[in-house]
Amino acid sequence: MRPEKDDGLGRSLLARNMPRWTDESRHDRPKELNNAAFSTVQVLNSMIGSGVLSFPYVFANCGWILSILLLGLSAVVCYATSIMLLRVGQAVGHPKGELSEVIEKTLGVPWRKGVDICIALSCLGALLTYYNVIGTLGSDLLKSVRHDDGAELVVDTYAGFMFVVVGLVAAPPCFFREYGELTPISLLSLSFIVFTTLVVMGKGIDKGHAIPAGPDSWYAPVTLLGNFVYATSMQYVVFEMYASMEATSRPAVKSVVAGAVGCGCSILLVMGLGGVAAIGSDVDSD
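In short: position in the sequence shown from 1, add 521, done, that's my numbering.
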């Protein structure tokens with residue numbers, strides 16, 4: 522066998538880390554770290570993301586009556602499918618498995634590949650919207666708090682703020698091995714979302730703009746169905762959540778899912794009503 526060529530910089534990054542990355546003694550499933558409360562936080566944080574910012578637009582175009590009905594329907598579907606997946610996992614012998622394993626066991630390899638592609642595209646879309654929100658709001662915030670008239674800083678720009686924050690804050694937690702290790706990150710993220718929602722609600726109470734009761738056109742609800750589905754989706758993490766729960770907390774898994782779905786839809790409801798009341802029915806941020 523030819524010896525590996527040394528280019529003066531030592532072995533390549535891949536060669537140096539391959540033994541550690543492929544160490545079979547490492548856990549391939551989450552450790553049982555979370556109680557019911559922390560599991561609820563993690564599932565809720567997986568559900569609530571940048572989609573919450575579109576709900577003032579949704580309520581303004583669908584009207585509050587239809588929006589509440591569709592939000593309730595989305596909540597029921599989300600809860601039912603989450604519990605269904607967990608029961609299917611138990612039935613096929615993978616109660617703490619991955620979603621891909623359960624899909625392959627029940628429906629076959631083609632369906633597993635299809636579901637994996639759909640989840641990958643959904644998560645890619647979520648990341649793109651997160652980066653867009655981070656860049657837009659962050660650069661606007663820095664420009665608003667600066668009082669000097671000097672040259673613009675790199676972080677004042679959309680791309681600059683996005684890359685700095687993503688590189689220093691958002692990307693490092695992605696290297697955590699265990700789902701349960703992300704609990705502090707989930708708690709901080711959820712706290713920020715709740716704080717933002719309360720601020721919007723306060724502005725809505727102060728401004729008091731009228732909230733439309735019905736849709737502004739017959740096709741508006743149809744075009745916005747994706748907003749409801751996207752904002753309430755989190756079913757792809759239920760197995761990770763279940764596997765990371767302490768054994769003594771697993772009997773409460775239905776309450777965990779119900780609590781996460783209920784709290785998530787409540788946040789979406791408050792953001793939708795508060796956003797329209799704060800800005801008016803001409804809000805245009807989808």
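Cβ atoms here follow ideal geometry from the backbone N, Cα and C, with glycine treated the same way. Small disclaimer: the values here were computed from a predicted structure and weren't measured.
- Within the model, the alpha-carbon separation for D727 versus A799 is close to 7 Å.
- Taking 9 Å as the cut-off, the beta carbon of G610 is found no closer than this to the beta carbon of F749.
- Distance check between V721 and each of G747, A647, Y740 and V791 places V791 closest, using alpha-carbon atoms only.
- Distances from the alpha-carbon of S595 to those of G796, G801 and M755 put M755 closest.
- The three-state secondary structure of M755, taken from DSSP, is coil.
- Following the DSSP letters along the chain, one finds I732 in no alpha helix (DSSP H), marked with neither H nor E.
- Listed in chain order, the non-local C-beta contacts of N582 below 6 Å within the same chain comprise D737 and A741, local neighbours out to five positions each way being set aside.
- Residue state for N555 is assigned as strand, using DSSP reduced to three classes.
- For P705, the closest of N653, N566 and S776 by C-alpha to C-alpha distance is N566.
- Counting only residues of its own chain and dropping the five nearest sequence neighbours on each side, W632 has a CB closer than 6 Å to the CB of I624.
- Per the DSSP secondary-structure output, M605 pairs with nothing in a beta bridge.
- The beta carbon of I604 sits closer than 7 Å to those of K775 and V778, all from its chain and outside the five residues before and after it, given in chain order.
- The secondary-structure analysis by DSSP pairs M766 across a beta bridge with N555.
- By alpha-carbon distance to L745, the top candidate from V562, G572 and A601 is G572.
- When the Cα atoms are used, E767 and V630 turn out to be separated by approximately 31 Å.
- Judged by their CB atoms, S707 and V562 are nearer to each other than the 9 Å cut-off.
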